[in-house]
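First comes the structure, then the notes that go with it.
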Amino acid sequence: DAMVIQNPRYQVTQFGKPVTLSCSQTLNHNVMYWYQQKSSQAPKLLFHYYDKDFNNEADTPDNFQSRRPNTSFCFLDIRSPGLGDAAMYLCATSGVTRGLYYGYTFGSGTRLTVV
Amino acid sequence: ELKVEQNPLFLSMQEGKNYTIYCNYSTTSDRLYWYRQDPGKSLESLFVLLSNGAVKQEGRLMASLDTKARLSTLHITAAVHDLSATYFCAVDPGSGGSNYKLTFGKGTLLTVNP
Numbered sequence: 001d002a003m004v005i006q007n008p009r010y011q012v013t014q015f016g017k018p019v020t021l022s023c024s025q026t027l028n029h030n031v032m033y034w035y036q037q038k039s040s041q042a043p044k045l046l047f048h049y050y051d052k053d054f055n056n057e058a059d060t061p062d063n064f065q066s067r068r069p070n071t072s073f074c075f076l077d078i079r080s081p082g083l084g085d086a087a088m089y090l091c092a093t094s095g096v097t098r099g100l101y102y103g104y105t106f107g108s109g110t111r112l113t114v115v
Numbered sequence: 116e117l118k119v120e121q122n123p124l125f126l127s128m129q130e131g132k133n134y135t136i137y138c139n140y141s142t143t144s145d146r147l148y149w150y151r152q153d154p155g156k157s158l159e160s161l162f163v164l165l166s167n168g169a170v171k172q173e174g175r176l177m178a179s180l181d182t183k184a185r186l187s188t189l190h191i192t193a194a195v196h197d198l199s200a201t202y203f204c205a206v207d208p209g210s211g212g213s214n215y216k217l218t219f220g221k222g223t224l225l226t227v228n229p
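Chains A and B, in that order, give the protein sequences. Those letters in the first sequence? Residues 1 to 115, per our numbering, in order. Those letters in the second sequence? Residues 116 to 229, per our numbering, in order.
This is the structure we're talking about:
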């Protein structure tokens, strides 16, 4: 009964080869987030969607893009992965429904290796 | 810009001892979260604190929130080895719309020794 599902769990990609990570949710939450977490560091927000509105963090490199085709799915595209992009990528959701606030739900993460 | 500071960043404890992790943040907020992370794993939600004076306890862990001081604490009672992990606090400005987003502290790596 996983509620935020990330695929794949492990992804190996070649330097410079575009890669897409996916996230789906069964919670019907209106906000979806992508965080990057490098080894021994805190998660860092890359961007988030509030409904269909895309919100990019100021320091997110242009190499990172995102798509949200519908409420349930969100994708992270890395156009030209570099060695420095190797990290755990965490998808999360949150929402407010009929005045009730729901906290954050994180997926299991995708660990990206760049070779 | 919201800043979240945790201390200590590294904590080595003996089993059976008590200790407190502190989380300070720089802006008005009444939404604070504590997470646990095991190596190679995602974040596990421990506590959600949504009002001044909120106190929550689960097993050997107790979290509290003082929004006036912009301070949350995570207190560990009679530590056991299974508590070894990295603990993060995170703050959400809670001002609505696109500001619903978490900013994390750097984390506290807790090691509990026999």
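Ideal Cβ placement from N, Cα and C applies to all residues, glycine included.
Taking a cut-off of 8 Å for Cβ pairs, the segment 189-202 of chain B and the segment 150-158 of chain B touch, as three or more such pairs fall below it. At a cut-off of 8 Å between C-beta atoms, Y148 (chain B) counts as an interface residue with respect to chain A. Only buried fits M32 (chain A), as 16 or more other CB atoms lie within 10 angstroms of its CB.
Residues of the segment 215-227 of chain B that bring their beta carbon within less than 7 Å of a beta carbon in chain A comprise Y215, K216, L217, F219, G220, K221, G222, in sequence order. Just measuring C-alpha positions, the residue of A:N7, A:H29, A:L112, A:L45 sitting nearest L83 (chain A) is A:L112. H190 (chain B) sits in a strand when the DSSP states are folded into three classes. Distances from the CA of E173 (chain B) to each of B:F125, B:F162, B:L186 were compared; the closest alpha carbon is that of B:F162.
In this structure, C91 (chain A) lies away from G103 (chain A), with their beta-carbon atoms at least 8 Å apart. With fewer than 16 other beta carbons inside 10 angstroms of its own, H196 (chain B) counts as exposed. In the same chain as T218 (chain B), and ignoring 5 residues on each side of it, the C-beta atoms closer than 7 Å to its own belong to L117, V119, A205, V206, in chain order.
Look at L158 (chain B): its C-beta is under 8 Å from a C-beta on chain A. Annotation: the continuous beta strand (DSSP E) that includes N139 (chain B) extends over 134-140.
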